[in-house]
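**Student:** What follows is a structure written as structure tokens; I'll ask about it next.
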Amino acid sequence: MLLSVLCLCVMVAELALGPVTIPPDRILAVLSGSGTQAEHAIFWQIRAPRMLLGIATGVALAFSGAALQGLLRNPLAEPGLIGVTAGASMGAVTVIVLGGALLVPAVIAPFMLPLAAFIGSAVVVAILFVLAAGGRGQSITILILAGVALNAIAGAFIGVLVYISDDQQLRDLTFWTMGSLGTAQAELVVIVSCLALATVPVFVWQTRALDLLQLGDRAAFHSGLNVTKSRLLIGGSTALSVGAVTCAAGPIGFIGLVAPHIARLLFGPVHAVLLPAAALIGVVLVLSADLAVRMAVPPAEPPIGLATSLIGGPFFLWLVLNQIRKGQRIA
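The numbering of the sequence shown is numbering that gives the first Met the number 0, which starts it at 0 and goes up by one.
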């Protein structure tokens with residue numbers, strides 16, 4: 000309950016605060032249609048799409064991070080760490096740079112960016128599944144090393160595309176790769192938000208499967224779980240949700256790592272509670288980071304990816320050191 004109230008407060012702050020402050024009573028006026036023209040423009044064209052994208056990003060990354068940690072039984076699994084975000088970025092950057100050279104029907108053109116991001120993230124998820132299946136008990140080591148390799152490959156490919164891009168594309172890519180909620184157009188935000196939030200029922204449906212998978216694939220199978228089907232559903236939902244929000248907001252790291260761990264510390268490991276709690280925490284973290292960068296040096300706006308990395312990097316180090324103190328294997 001308190002977490003929901005905190006999330007609601009951050010959402011209101013996201014709509015109200017900025018270079019131009021819109022008090023809560025004026026927000027109600029805008030919603031009722033009696034606000035000024037300037038307030039309507041700021042609210043509907045800038046802040047409402049920004050908040051919607053922040054909610055979708057927090058939910059998608061938190062759900063995906065918690066699901067990957069449960070699916071792979073890996074406490075360090077996170078869409079950015081194991082290469083899923085990099086795959087989505089590679090697909091999105093390909094469309095940004097080479098989209099003009101692709102003969103795409105006008106009907107499909109608005110969906111090319113999220114589709115390419117989904118394909119890139121899906122390829123990475125498929126590679127991870129193959130490696131995890133053949134890991135023979137060393138899946139954590141293999142997945143971390145595979146994530147390093149996949150991030151490097153994606154980074155090299157993106158570097159090639161940056162090299163051949165023109166000045167305008169280079170400027171767009173430079174800011175996009177650092178992550179931001181303020182650059183996406185409203186139409187794209189609606190599309191990717193619908194795609195990302197459409198995966199939520201699938202994740203919720205698979206909470207029991209995630210609990211059973213903590214016992215191992217063999218035990219989960221003998222408990223009546225179709226392990227292959229659950230892996231495909233969770234992996235496909237992860238690829239779709241991460242790919243969708245990455246194409247609009249850019250790569251935003253560590254939310255998928257930090258939010259599930261905070262939720263696990265507060266509410267325990269049962270995924271029926273863990274996933275919704277992680278989603279609320281993810282929304283709070285993303286919107287709080289966005290507020291922080293917006294209010295830091297107005298009217299300039301540092302990328303949100305810098306803020307999440309400043310939060311997530313130390314948290315990741317604390318997590319590793321905490322596991323070392325407990326005598327647990329990290330890899």
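For every residue, glycine included, the Cβ atom is placed at its ideal position computed from N, Cα and C.
Less than 9 Å between the C-beta atoms of G304 and G178, yes or no?
**Tutor:** Cβ distance < 9 Å, so G304 and G178 count as in contact.
**Student:** Quick one: is A37 buried, meaning 16 or more other Cβ sit within 10 Å of its Cβ, or exposed?
**Tutor:** That one is exposed.
**Student:** Can you check which of these residues, A208, T173, V282, is closest to N225 by C-alpha distance?
**Tutor:** It is A208.
**Student:** How many angstroms separate the CA atom of L231 from the CA atom of I141?
**Tutor:** Cα to Cα, L231 sits roughly 20 Å from I141.
**Student:** L264 to L256, Cα distance in whole Å?
**Tutor:** Rounded to whole angstroms, L264 to L256 spans 13 Å at the Cα level.
**Student:** For I81 and V296, I'd like the C-alpha separation in whole angstroms.
**Tutor:** In a straight line, the C-alpha of I81 is about 33 Å away from that of V296.
**Student:** Whose CA, out of R72, L14, R49, lies closest to the CA of A219?
**Tutor:** Selected option, being the one with the closest Cα: R72.
**Student:** Do the stretch 14 to 32 and the stretch 158 to 176 make contact, defined as three or more Cβ pairs closer than 8 Å?
**Tutor:** Not touching, per the Cβ criterion.
**Student:** Threshold first: 3 residues or longer. Then list the beta strand (DSSP E) segments lying entirely within the stretch 217 to 243, N to C.
**Tutor:** Complete beta strand (DSSP E) runs here, min 3: none at all.
**Student:** What number of angstroms, rounded off, separates the C-alpha of M0 from the C-alpha of L279?
**Tutor:** Each residue's Cα considered, the two are about 11 Å apart.
**Student:** Can you round the beta-carbon distance between A331 and L180 to whole angstroms, since I take them to be within the 8 Å contact cut?
**Tutor:** Lying before the first or after the last residue shown, residue 331 is absent from the chain, which here runs from 0 to 330.
**Student:** Beta-carbon separation of G69 and D210 under 9 Å?
**Tutor:** In this structure, D210 lies closer than 9 Å to G69 by Cβ.
**Student:** State whether the stretch 85 to 96 contacts the stretch 237 to 252, with contact taken as three or more CB pairs (one from each stretch) at a distance under 8 Å.
**Tutor:** The stretch 85 to 96, when compared against the stretch 237 to 252, does touch it at the 8 Å Cβ threshold.
**Student:** Using 8 Å for Cβ pairs, my map puts A76 next to L67. What's the rounded Cβ distance?
**Tutor:** 4 Å between Cβ atoms; contact.
**Student:** Mind checking S229: buried by the 16 CB within 10 Å criterion, or exposed?
**Tutor:** By the neighbour-count rule (16 or more Cβ atoms within 10 Å), S229 is buried.
**Student:** At the level of alpha carbons, what is the spacing between G119 and G79?
**Tutor:** Near 13 Å, if we compare the C-alpha coordinates of G79 and G119.
**Student:** Looking only at C-alpha atoms, which of L27, L14, S63, H39 sits nearest to R46?
**Tutor:** Selected option, being the one with the closest Cα: L14.
**Student:** Going by C-alpha to C-alpha distance, which of L320, A61, A155, T182 sits closest to L273?
**Tutor:** Nearest option by C-alpha distance: A61.
**Student:** Can you tell me where the alpha helix (DSSP H) with V96 in it begins and where it stops?
**Tutor:** First-last of the alpha helix (DSSP H) with V96: 83 to 97.
**Student:** Please determine, among T198, T206, L149, the residue with the shortest C-alpha to C-alpha distance to V122.
**Tutor:** Of the listed residues, the one whose Cα sits closest to V122 is L149.
**Student:** Can you tell me whether DSSP reads D165 as helix, strand or coil?
**Tutor:** Coil at D165, not helix or strand.
**Student:** Is P313 buried or exposed, if buried means 16 or more other CB atoms sit within 10 Å of its CB?
**Tutor:** So P313 counts as exposed.
**Student:** What's the C-alpha gap between L214 and G242?
**Tutor:** Those two C-alpha atoms are separated by around 29 Å.
**Student:** Could you spell out the range, first to last residue, of the alpha helix (DSSP H) harbouring R207?
**Tutor:** Run containing R207: 206 to 212, per the alpha helix (DSSP H) assignment.
**Student:** Taking the continuous alpha helix (DSSP H) assigned at P356, which residues delimit it?
**Tutor:** Nothing about residue 356 can be read from this structure; the chain reaches only from 0 to 330.
**Student:** Here's the rule I'm using: 16 or more other beta-carbon atoms within 10 Å means buried, otherwise exposed. How should I8 be labelled?
**Tutor:** First, the amino acid is wrong: residue 8 is Cys here, not Ile. Classification for C8: exposed.
**Student:** Would you please state the rounded distance, in angstroms, between the beta carbons of V83 and L172? I believe it to be under 8 Å.
**Tutor:** Rounded, the Cβ-Cβ distance is 20 Å, inconsistent with contact.
**Student:** So is P259 buried or exposed if we call it buried at 16+ other beta carbons inside 10 Å?
**Tutor:** Its Cβ being crowded by 16 or more others within 10 Å, P259 is buried.
**Student:** Put A197 into one of helix, strand or coil per three-state DSSP.
**Tutor:** Residue state, collapsed to three classes: helix.
**Student:** Quick one: what's got a C-beta closer than 8 Å to P301's C-beta in the same chain, skipping five residues either side?
**Tutor:** If we look at P301 and ignore the five residues flanking it on each side, its Cβ neighbours are V292, A295.
**Student:** Quick check on Q36: does DSSP put it in helix, strand or coil?
**Tutor:** If DSSP states are grouped into helix, strand and coil, Q36 belongs with the helices.
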